[in-house]
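Numbering (the numbering used here), first residue to last: 121 to 432.
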């Protein structure tokens with residue numbers, strides 16, 4: 121009994137000595153994210169991002185050519201500013217992480233989210249993320265304006281054996297522009313937010329989640345940036361929808377998640393985006409915890425090796 125008590129006390133002292141450094145690391149990451157999002161906002165204010173400049177110019181040129189689209193183009197061009205859904209999404213996620221971290225999950229999920237926010241605030245990554253609204257406008261111009269960071273629409277559709285989901289297709293699935301709504305029969309359709317609903321008038325056929333999943337085309341968000349520009353809650357909602365749809369189609373030839381396989385279509389991406397593309401899952405440990413675990417493992421091996429050496 122005495123030996124057992126000593127073991128328990130020894131373990132307790134060991135845990136206290138080691139401590140959990142993750143809360144402290146989380147606060148450090150939050151401070152870094154605050155700095156990085158402020159810096160990113162200043163980059164937008166000073167028109168320092170190339171794709172933000174192209175986005176504003178494309179919106180202006182197409183509004184002159186197709187004035188009926190002016191309200192939609194004005195809304196799309198907001199992504200070149202602090203008021204756009206991409207930047208505002210980062211600020212909202214940071215606010216949640218600071219004020220209501222418990223809604224995200226445990227400390228590991230919070231730490232993982234903080235790392236994603238720091239990466240997403242990189243001007244190079246954000247610049248690449250703007251390629252989606254830029255290319256939406258390029259496609260609306262009927263070829264008069266060139267796509268950026270992506271191959272042509274026809275090449276992409278052919279390479280991915282994809283269906284043409286109409287105007288705004290690069291933004292489908294991105295929670296900054298709309299959401300999947302499920303009707304009483306269990307089918308889910310894409311519903312645009314606010315002014316983006318003009319896409320429905322341009323492309324009257326509603327986009328079903330099951331058909332989009334099986335034959336969607338390339339977009340930066342869905343194939344590269346999703347892991348960085350999606351909150352844990354949004355990711356969970358997306359995964360739940362895919363799981364429900366898979367169950368619904370279990371006896372109809374099966375169903376594959378829209379994110380199960382990356383599509384072809386990117387070009388001239390930044391190093392930050394290429395690194396982001398390698399992150400394939402929202403699950404698992406944060407980079408901080410992985411590094412600590414790896415470090416502990418190496419230290420353990422070193423200690424063991426030294427012990428063996430001394431024994432010889």
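Glycine is no exception: its CB is placed at the ideal position from the N, C-alpha and C atoms.
Keep in mind the model is a prediction, meaning the values are calculated, not measured.
Residues sharing a beta bridge with residue i, DSSP
| i | result |
| --- | --- |
| residue 270 | 386 |
| residue 328 | 309 |
Beta-carbon gap between residue i and residue j smaller than 8 angstroms
| i | j | result |
| --- | --- | --- |
| residue 228 | residue 409 | yes |
| residue 200 | residue 172 | yes |
| residue 230 | residue 217 | yes |
| residue 385 | residue 206 | no |
| residue 316 | residue 345 | no |
| residue 305 | residue 377 | no |
| residue 329 | residue 277 | no |
| residue 169 | residue 246 | yes |
| residue 347 | residue 396 | yes |
| residue 174 | residue 256 | no |
| residue 233 | residue 352 | yes |
| residue 288 | residue 325 | no |
| residue 338 | residue 209 | no |
| residue 182 | residue 291 | no |
| residue 341 | residue 269 | no |
| residue 159 | residue 235 | no |
| residue 156 | residue 241 | yes |
| residue 283 | residue 335 | yes |
| residue 390 | residue 266 | no |
| residue 382 | residue 343 | yes |
| residue 327 | residue 237 | no |
| residue 202 | residue 161 | yes |
| residue 318 | residue 164 | no |
Three-way DSSP call (helix, strand, coil) for residue i in this model
| i | result |
| --- | --- |
| residue 301 | strand |
| residue 143 | helix |
| residue 412 | helix |
| residue 265 | coil |
| residue 406 | coil |
| residue 275 | helix |
| residue 281 | coil |
| residue 155 | helix |
| residue 286 | coil |
| residue 334 | helix |
| residue 380 | coil |
| residue 341 | helix |
| residue 374 | coil |
| residue 314 | helix |
| residue 236 | helix |
| residue 255 | helix |
| residue 347 | coil |
Range of the contiguous alpha helix (DSSP H) that encloses residue i
| i | result |
| --- | --- |
| residue 394 | 391-397 |
| residue 291 | Note, residue 291: premise wrong, no alpha helix (DSSP H); not H, not E. |
| residue 365 | 352-368 |
| residue 243 | 243-249 |
| residue 320 | 318-322 |
| field | Those runs of the alpha helix (DSSP H) which lie wholly inside the region 158-233 and span at least 4 residues | value | Runs of the alpha helix (DSSP H) inside the region 158-233: 170-185, 190-197 and 205-219.
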